[in-house]
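A.B. asks: Here it is: the structure, laid out below.
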Amino acid sequence: MSDDFGQEQAIRKLKPGRLVIASHNPGKVREIAALLGPYGIEPISAASLDLPEPEETGTTFIANAELKAMQAADLSGLPALADDSGLCVEALGGDPGLFSARWAGPTKDFGMAMQLVWDGVQAKGPDASHSAHFVCALALAWPDGHVEAFEGRIDGTLVWPPRGQNGFGYDAMFQPLDHAISFGEMDPDAKHAMSHRAKAFEQLVAAVI
Numbered sequence: 237m238s239d240d241f242g243q244e245q246a247i248r249k250l251k252p253g254r255l256v257i258a259s260h261n262p263g264k265v266r267e268i269a270a271l272l273g274p275y276g277i278e279p280i281s282a283a284s285l286d287l288p289e290p291e292e293t294g295t296t297f298i299a300n301a302e303l304k305a306m307q308a309a310d311l312s313g314l315p316a317l318a319d320d321s322g323l324c325v326e327a328l329g330g331d332p333g334l335f336s337a338r339w340a341g342p343t344k345d346f347g348m349a350m351q352l353v354w355d356g357v358q359a360k361g362p363d364a365s366h367s368a369h370f371v372c373a374l375a376l377a378w379p380d381g382h383v384e385a386f387e388g389r390i391d392g393t394l395v396w397p398p399r400g401q402n403g404f405g406y407d408a409m410f411q412p413l414d415h416a417i418s419f420g421e422m423d424p425d426a427k428h429a430m431s432h433r434a435k436a437f438e439q440l441v442a443a444v445i
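Using the working numbering, read the sequence shown as starting at 237 and increasing by one per residue.
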């Protein structure tokens, strides 16, 4: 980021202490808390503070992450970290993408969502690509409105039927490139080491912690 004089502005550092995880998804909160563990950060979930879930009106993953982080920081008076992530399927033109959570409906039924994805790919015919990637945008916001944002991606292929009970969301139908098992079959520590969320988190740690 540069100011009007072309000089680089310093990225704001995150100090040890309480940090709101601006998500009501228990799986995401667990993963982010595990990634934050070594850095003296005390994660607090938005749900535990009874913070509302904002409407995700952004047109990019980063825009939605920033929206969620800024609201949580404003309402809590604490720094807040938000994640916006999704599965992008080549044969579906990038869907479900930004709408990955919404495909699971109000009850967050990701079994149904995975079936919708697979049915959509099958409807494209026998030669439809099974290529897909996960994107994760992380936004870190302070109560004064300052925001830092980072984005990670991991490529892979769809598998069917879903495999494994680990992870959450679409993990059981996604097999990362150069691996023989799905995210749903993968040990959580192994996933944390190489996932789209881990890649975004590496950037965040390098920049602000």
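Ideal Cβ placement from N, Cα and C applies to all residues, glycine included.
Can you give the Cα-Cα distance for A426 and I247, rounded to whole angstroms?
C.D. replies: Position 190 of the sequence shown, counted from the start, is the residue given in the question as residue 426. Position 11 of the sequence shown, counted from the start, is the residue given in the question as residue 247. If you take the alpha carbons of A426 and I247, they lie about 30 Å apart.
A.B. asks: Can you tell me the Cα-Cα spacing of W442 and K249, whole angstroms?
C.D. replies: As a working mapping, residue 442 is identified with position 206 in the sequence shown. As a working mapping, residue 249 is identified with position 13 in the sequence shown. The sequence given here places Ala at residue 442; Trp does not occur at that position. In a straight line, the C-alpha of A442 is about 10 Å away from that of K249.
A.B. asks: For S281, which residues from the same chain have a beta carbon less than 6 Å from its beta carbon, with the 5 sequence-adjacent residues on both sides left out?
C.D. replies: As a working mapping, residue 281 is identified with position 45 in the sequence shown. These residues qualify, in order along the chain: I257, V265.
A.B. asks: For R433, which three-state DSSP category applies?
C.D. replies: On the sequence shown, residue 433 is found 197 positions in, with the first residue counted as 1. R433 falls in the helix class under three-state DSSP.
A.B. asks: Going by beta carbon distance, what residues of the same chain come within less than 8 Å of F241, once the five residues before and after it are set aside?
C.D. replies: Sequence index remark: in the sequence shown, residue 241 carries index 5 (1-based). Because F241 carries a pLDDT of 38, less than 50, the predicted location of this residue cannot be relied on, and no value is offered for it.
A.B. asks: Could you name the residues of the same chain whose beta carbon sits closer than 6 Å to that of Q373, not counting the 5 residues immediately before and after it, in chain order?
C.D. replies: For the purposes of this step, residue 373 is taken as the residue at position 137 of the sequence shown. The question names Gln, but residue 373 in the sequence shown is Ala. Hits under 6 Å: F297, I298, A301, D320, E387.
A.B. asks: Counting only beta-carbon atoms, is A377 nearer than 9 Å to chain B?
C.D. replies: The structure shown has no chain B; it contains just one protein chain.
A.B. asks: State the Cα-Cα distance for the pair G341 and Q351, rounded to the nearest angstrom.
C.D. replies: Stepping through the sequence shown from its first residue, residue 341 is reached at position 105. Stepping through the sequence shown from its first residue, residue 351 is reached at position 115. For G341 and Q351, the distance between alpha carbons rounds to 13 Å.
A.B. asks: Closest to G333 by CA distance: which of G322, S312, D310, P412 is it?
C.D. replies: Taking the first residue of the sequence shown as 1, we reach residue 333 at position 97. Nearest option by C-alpha distance: G322.
A.B. asks: Put D240 into one of helix, strand or coil per three-state DSSP.
C.D. replies: Walking along the sequence shown from the start, residue 240 turns up at place 4. Legend: pLDDT at D240 = 43, less than 50; position of this residue unreliable, no value from coordinates given.
A.B. asks: Report the partner residues of D391 according to the DSSP bridge assignment.
C.D. replies: In the sequence shown, residue 391 corresponds to position 155, counting from 1. Looking at the DSSP assignment, D391 forms a beta bridge with H369.
A.B. asks: Is the beta carbon of M409 less than 9 Å from the beta carbon of W354?
C.D. replies: Locating residue 409 in the sequence shown gives position 173, where the first residue counts as 1. Locating residue 354 in the sequence shown gives position 118, where the first residue counts as 1. Cβ distance < 9 Å, so M409 and W354 count as in contact.
A.B. asks: Report the residue ranges of all beta strand (DSSP E) runs contained in full by the segment 278 to 358; include only those spanning at least 3 residues, in chain order.
C.D. replies: As far as the segment 278 to 358 is concerned, its whole beta strand (DSSP E) runs of at least 3 residues are 316 to 325.
A.B. asks: Of all the options A377, L376, P288, M422, which has the alpha carbon lying nearest to the alpha carbon of P398?
C.D. replies: Position 162 of the sequence shown, counting from 1, holds the residue named residue 398. Selected option, being the one with the closest Cα: M422.
A.B. asks: Pull up the CB-CB distance for I390 and H369, whole angstroms please, since I reckon it's below 8 Å.
C.D. replies: Along the sequence shown, one-based indexing puts residue 390 at 154. Along the sequence shown, one-based indexing puts residue 369 at 133. That pair is a contact at about 6 Å.
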